Structure formats: structure tokens, C-alpha cells
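Novice:
There are 2 protein chains.
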Amino acid sequence: MAVKSIKPGRGGVKVAEKALDKPADACAAQAPAAADLIARRIEEDIVLGRRHPRERLIEQDLCDLFQTHRGDVRLALFELERKGLIERIPNRGAMVRGLTPHEVRAIYAVREELEVMAVRIIPFPVASHEIGRLEELHREHSAAVASGDLLTVFYSNLSFHQTLFGLCGNSCLIETVDQLARKVHGIRFYANASPESLDRARLDHLKMIKALRGGRRDELISLTRRHLRPSPEAYIKAYKQRFGKSDAAGA
Amino acid sequence: MAVKSIKPGRGGVKVAEKALDKPADACAAQAPAAADLIARRIEEDIVLGRRHPRERLIEQDLCDLFQTHRGDVRLALFELERKGLIERIPNRGAMVRGLTPHEVRAIYAVREELEVMAVRIIPFPVASHEIGRLEELHREHSAAVASGDLLTVFYSNLSFHQTLFGLCGNSCLIETVDQLARKVHGIRFYANASPESLDRARLDHLKMIKALRGGRRDELISLTRRHLRPSPEAYIKAYKQRFGKSDAAGA
DNA sequence: GTAGACGACATTGTAAACAATTCTGAATGG
DNA sequence: CCATTCAGAATTGTTTACAATGTCGTCTAC
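So the sequence lines, in the order shown, correspond to chains A and B.
Residue 251 is where the first sequence ends in our numbering, and the numbering goes up by one at each step.
Residue 251 is where the second sequence ends in our numbering, and the numbering goes up by one at each step.
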């Protein structure tokens, strides 16, 4: 178990640095990570309800499913744990994790703060083609709502918001907003349960687009705020009905 | 490459779920992850300047250093990439990554928003023993500043802010604030270069404690805001002197 | 009939070996 | 003297096997 050969001669530090010098500048950020895709797929399964809380995630099963080796699956699992979507117990494995009302409230409070910040710093006026993209996504979303295609509803809604917040120009903010949204994707299905909720969301989007066109920032802000409210409430209501009133949360 | 044995009989889904049932409720959140510790150590090295930008991170070297196998090191490297501290190029390896002024500005803007949110929602009045803890950390920080012990300055400053924001009670917010702070730990050394900066930070902390004791929330908020400003400016100034004025950032 | 111990098995964690990729440096030819 | 090619080596990525751990069903003793 001794140290084999710390540096076998050739690759000194100076040389090694020089080795990566060019690519560092040239091809900047791009992550076609293999294991990352698996994490994404599993995350999707979880938030779309295809994998329910408490369900176990066996490494070998996932290997067979994704046609890869355990190294990548393990990697994905660790990442999902870090994101808080699954729980891992050493030597015992991983299982998908549910959210408590307390956590949901906390997350939504931060989401509201950051999404409001995003629309607050969007440079006005917004280019017409950007608004056009939002309108197209809105049409897609509306059609899905009308036809009852919940999966498309989910994804077009996601794209709408990503596009909207993407206008703010602060990459860190965009990333953080996205990250928080992901944490609670799963509970959206509680809010999407009723057709009225879906339609209200649809109308909110329409109003947002109009406010954006009219340059009415304050209206956009209050719309953003209001738009977030129903989801956590629907989830918490369902949670209490299911598990009793053991809330243990206040903030 | 065929499927070996997807489920060899014994461990059915139902049984498997039941297997993890108890621990799920009992031992909740605790991550003594082996690989996570390595990531933490490397991160520390990076943000404390012990590893400078462009430096390569060789898996085998890290294995020898941390006395572990490549699996864990790989895991740590992927996590650090995800956090944005290092850059990984497929088949070529990892190297520590510097921040552009553009990124720094973006991160600090979000930090300001969230840290202000944190102090805004801290339940007042704050318990006396909590303020006592802050005072103790402040004393530690002051002593370190006086003696010029920059490492202790760094860590006691860190603890001070974690304790302060920890008062807000929103776990998601605490986590996100911490995460963003980590991204820019490295650039603090630019701000810490001058003794005046250190002393100003020290005085800020003192004022924060006083505002906290006096229940003057507005003052605490403006202090929090002001406290964040000098660091990015110092970094950007140093960056421009070093690399020229190729800023490419505005927000 | 039930509680506790035992053995088999499923699963995770670790280690080592192998394959693929890419960098380095020298040799060759113009 | 410089560009190109080519072999060697370092490093990463993948596969496999093995060890460690925990769970489940059963068997035995009371």
C-alpha cells in the first residue's frame, strides 16, 4: 500500500501546466458529461413522478437501464444526493427523497426573492424577438393545457420561465434560479392537478408578456410574485391530508 | 455485455423498499461522504491560494496525497467542476479555474440580494446568547487581524457570517448563501491585502452586532450591503492590472 | 408460539488492470 | 532552419473482480 511513484519523471508541474494552456482559453464551458446525463434522466423520473418517494435506486439496475458502468451511475447518484433529490445511506444504497412542507416553504421563499430580482434587472426594453420567443412558448403551453398533455405543459412551462429569467443577463442568477426550481419540480404536479390552476398559470404568462411589451416592470414583478404562490400551498395541503398535520414548520 | 440478472429473485421491489424504511425516518441528513471530504480539502487549497489558477490536478497524485483510490478522487473532481472551481476537459484532465470580472460581478450581485434577504427575515429580537456567539467570533477575528494571521482572519470571518446568516431560519437560503460565498472565497485575498480593508471589515462586524442588539434592522441591511462591496472591486482592479482591460463584462 | 442466532444473498465500496486518448519530444525531410 | 511525422509516455476513462456490509429468511431454543 506504499506510494508507488509519485511523479515518474516526465510530467513535471511546469510542463503539465503548459499542456493545458491552449485548450483552457479556446474551448471554454461545455459539459457533455456522460454521468451527468444519467443524473438528468433520473432527476426527470423523480420530478415527473415516475419514481416515487422511498423508492430505492439500485446501482446495477441503473447500469442495465442506461447501458453504462457503475462508475457513471455512482457519480450520478452522488450528484443527485448533493442536489437533495435522493438520500444515500452508506453501504445501504440510495432512495428518492420527498420534501417536507418546511423545506418547500423555505425553497419557495428564496425562489421568490431571486425570480423577482431577475425580472427587476432585466434590461428594458426587451428586444422584440425575445418576446416573440416567449409568445411561441406560451402558445405551446396553452395548446398543451387545452389538450390536457401534462408532460408538455410541464416542459413548455419550464422553457417559458427559463427564457424569461434568462433575459436578466446575470449568469449566476440564472443558474441559481434554475437550480432552485429543479428542487421543487416534483411538487408542481400537485398544483397542476386542477384545470383551473393550469389556466390561471397560462393567463399569468400572458399578462407577463404584455407587461414585458409595455415595459411595465412593477407589474411584471408582482405577477412573478403571485405566480409562485399557489404551488407550495397546493403541495402543503396535499401533504397534510396525506400525512396528518405534523407540519413542524413555520417560516 | 448482456444483462446478467436484473433481479435474481430475492430482492423484489416491495421488500427492497421496506428494507430502507426505518433508516429513512430515523437517521435523516448526515453526509460523512468520503469523497466529499477530498473535494472540501481541494476546494480549501484553491480558495486559499495554495493552488493557483491553471494548475493541473492529476488523479493519481491526489490519490497518493489523500491515501485513497481514484474512484473517490474522480468523484471529488466532478463535484468541484460542477461547483465551478475547476475546469475539466475530457481525456485531458482537470485544472483550477480563475474567475472573470464578469462572473465575479454576477455572483456578488446575487450574494447581495440573498444576504440582505437573510438579515431581513431574521426573527427579532435575537437571543442574547446568539449575539454572544457573534461577539466571540468577532473577538477572534479582531485578534487575528491585529496579529496579521490571515488564515485565521479568513476562517473567523467565515464563521461570523455563517453564524449571522444562520439566524434567518431558512435552510435553503442559508445553504445558497454559503454556496455562493464559497465560489468567491479565493478573491477575498485581494481584499485582504491591505490592512485598512481588514480593519474596515472588522469595524463593520462590530456595527452589525450593535445593530443586531439594538434591533435596528434597516441599519443591519445597509451594513450588509456595504460590507460586500469592496471585495469584488479589489479583485477586478487587480485583474485588470494583471491582464489588461479586456473586461467583457458590464452587469 | 415467539425471540434470538445463523447462514445465504443482495448490494455497495474498493482495488487493480486494461483500453483509449492526447501530450511531449525527437527524428526526418524539405 | 523550420514544418511534419512518428514513437513513447503520461493521464484519463472503462471494465472487471473482489472485499465489506447489511438484510432477509429460516432454524432452533425456550
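Positions of the beta carbon are idealized from the N, C-alpha and C atoms, including for glycine.
Predicted model only: the values in this text are computed from it and were never measured.
Below 8 angstroms, can you find three or more Cβ-Cβ pairs linking the stretch 99-111 of chain A to the stretch 60-76 of chain A?
Specialist: Verdict: no, contact absent.
Novice: Cutting at 6 angstroms between CB atoms, please list the residues of its own chain near V15/B, excluding the five before and the five after it.
Specialist: Note that V15/B has pLDDT 38, beneath the 50 cutoff, so the model's placement of it is unreliable and the number below is only indicative. Cβ neighbours of V15/B beyond the five flanking positions: none.
Novice: For the pair the stretch 195-210 of chain A and the stretch 222-238 of chain A, tell me if three or more CB-CB distances fall below 8 angstroms.
Specialist: Touching, per the Cβ criterion.
Novice: Taking the alpha carbon of M95/A as the point to measure from, which residue in A143/A, E43/A and S159/A has its own alpha carbon closest?
Specialist: E43/A
Novice: Which residue or residues does DSSP assign as beta-bridge partners of R88/A?
Specialist: Beta-bridge partners assigned by DSSP to R88/A: A94/A.
Novice: Measuring only between beta-carbons, confirm whether V126/B sits less than 8 angstroms from chain A.
Specialist: no
Novice: In the DSSP output, what is R56/A paired with across the bridge?
Specialist: M95/A.
Novice: In the DSSP assignment, find the alpha helix (DSSP H) that holds F78/B and state where it starts and stops.
Specialist: R70 to K83 is the span of the alpha helix (DSSP H), which, as asked, contains F78/B.
Novice: Can you confirm whether V110/A, when its beta carbon is compared against all beta carbons of chain B, has any partner nearer than 8 angstroms?
Specialist: By this cut-off, V110/A is an interface position.
Novice: Pull up the distance between the alpha-carbon of L114/A and that of D61/B, whole angstroms please.
Specialist: 40 angstroms
Novice: Interface residues of chain A around I107/B at Cβ under 8 angstroms?
Specialist: Listed along the chain, the chain A residues whose CB falls inside 8 angstroms of the CB of I107/B are C172.
Novice: Using C-beta distances below 6 angstroms, list every residue in its chain close to R70/B, excluding the 5 sequence neighbours before and after it, in chain order.
Specialist: E59 and C63
Novice: In the DSSP assignment, find the unbroken alpha helix (DSSP H) run with I46/A in it and report its ends.
Specialist: A34 to V47
Novice: R188/A: which of A35/A, A34/A, G49/A and I38/A sits nearest, CA to CA?
Specialist: G49/A
Novice: Does any C-beta atom of chain A lie closer than 8 angstroms to the C-beta of R296/B?
Specialist: The structure shown does not extend to residue 296/B, since chain B is modelled only from 1 to 251, so the question has no answer here.
Novice: Could you please give the first and the last residue of the uninterrupted alpha helix (DSSP H) stretch that includes V104/B?
Specialist: Counting along the chain, the unbroken alpha helix (DSSP H) around V104/B starts and ends at P101 to I121.
Novice: With the cut-off set at 8 angstroms, would you say N255/B and L164/B are in Cβ contact?
Specialist: Outside the displayed range of chain B (1 to 251) lies residue 255/B, so it cannot be described from this structure.
Novice: Output the distance between the C-alpha atoms of R97/A and F78/B, rounded to the nearest integer angstrom.
Specialist: Answer to the nearest angstrom: the Cα atoms are 23 angstroms apart.
Novice: Tell me which residues of the stretch 68-79 of chain A have at least one Cβ-Cβ distance to chain B shorter than 9 angstroms, keeping chain order.
Specialist: G71, R74, L75, F78 and E79
Novice: Rounded to a whole number of angstroms, what is the C-alpha to C-alpha distance between L198/A and V126/B?
Specialist: 42 angstroms
Novice: Anyone know if the C-beta pair for V110/A and C172/B falls short of 8 angstroms?
Specialist: Remark: C-beta atoms of V110/A and C172/B approach each other more closely than 8 angstroms.
Novice: By how many angstroms is the C-alpha of K240/B removed from the C-alpha of A234/B?
Specialist: 10 angstroms
Novice: Around the C-beta of N157/B, are 16 or more other C-beta atoms found within 10 angstroms, so that it is buried, or is it exposed?
Specialist: buried
Novice: Distance cutoff 8 angstroms, beta carbons only. Does L158/A sit that close to anything in chain B?
Specialist: no
Novice: Using 10 angstroms around the beta-carbon of A29/A, count the other beta-carbons present and answer buried if the total reaches 16, otherwise exposed.
Specialist: Because the pLDDT at A29/A is just 33, under 50, the model does not fix this residue reliably, and the point stays unresolved.
Novice: For I263/B versus E87/B, is the C-beta distance shorter than 8 angstroms?
Specialist: Not covered by the structure: residue 263/B. The range shown for chain B is 1 to 251.
Novice: Beta carbon of V153/B, beta carbon of H138/B: below 8 angstroms?
Specialist: In this structure, V153/B keeps its C-beta atom at 8 angstroms or more from the C-beta atom of H138/B.
Novice: Rounded to whole angstroms, what is the Cα-Cα separation between A118/B and R242/B?
Specialist: 35 angstroms
Novice: Expressed to the nearest angstrom, what Euclidean distance is found between the alpha-carbon atoms of A106/A and L212/A?
Specialist: 28 angstroms
Novice: Determine the burial state of I174/B: buried for a count of at least 16 other Cβ atoms within 10 Å of its Cβ, exposed for fewer.
Specialist: Buried, since its Cβ has 16 or more Cβ neighbours within 10 Å.
Novice: T176/B versus chain A: which residues are under 7 angstroms apart at the beta carbon?
Specialist: V110 and T176
Novice: Just the C-alpha distance for K237/A and S147/B, rounded to the nearest angstrom, thanks.
Specialist: 56 angstroms
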